[in-house]
Amino acid sequence: LIAVPRSSLPEQIDGEYYWADLIGMTVINEAEVNFGTVVELLETGANDVLIVRGSSGPDVLIPFLKSVIGKVDLTARTIRVDWSADYLS
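Take the sequence shown: its letter number 14 is residue 20 in my numbering, and every next letter is one higher.
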């Protein structure tokens, strides 16, 4: 683990986020279905993946791609996704 003061990090350009900012955010799809909270991220090589934990059921893996991620609202702590609730069951 490497610790760096946040003030030493460069500002992100639009559409880029630090993983630490995404952990703990609520994930909601376009139908207002709450998938749960981001608990971790994976780096797969092709793209990053959100690991989302709901109140029941297994964790949901959601690719962090422009085609899937709608809006990341750092103030409201929400991530809007174009992802079917069918993946919850």
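Ideal Cβ positions, reconstructed from N, Cα and C, are used throughout, including at glycine.
Given the structure is predicted, the values throughout are model-derived calculations rather than measurements.
{"Check": "Closer than 8 angstroms: is that where the CB of Val78 sits relative to any heavy atom of the ligand NAP?", "Outcome": "In the structure on display, the ligand NAP does not appear, and there are no ligands present to speak of."}
{"Check": "Ignoring anything shorter than 3 residues, give me the beta strand (DSSP E) runs that lie fully in the region 65–94, in order along the chain.", "Outcome": "66–69, 75–79, 84–87"}
{"Check": "Judging by CA-CA distance, which residue of Met31, Gly63, Trp25 is the nearest neighbour of Asp54?", "Outcome": "Trp25"}
{"Check": "Given this structure, state the Cα-to-Cα distance separating Gly42 from Leu7, to the nearest angstrom.", "Outcome": "26 angstroms"}
{"Check": "Between which two residues does the alpha helix (DSSP H) carrying Leu28 extend?", "Outcome": "25–28"}
{"Check": "Within the same chain, show all residues whose beta-carbon is closer than 7 angstroms to that of Ala91, passing over the 5 residues directly before and after it, in chain order.", "Outcome": "Asn35, Ala37, Val39"}
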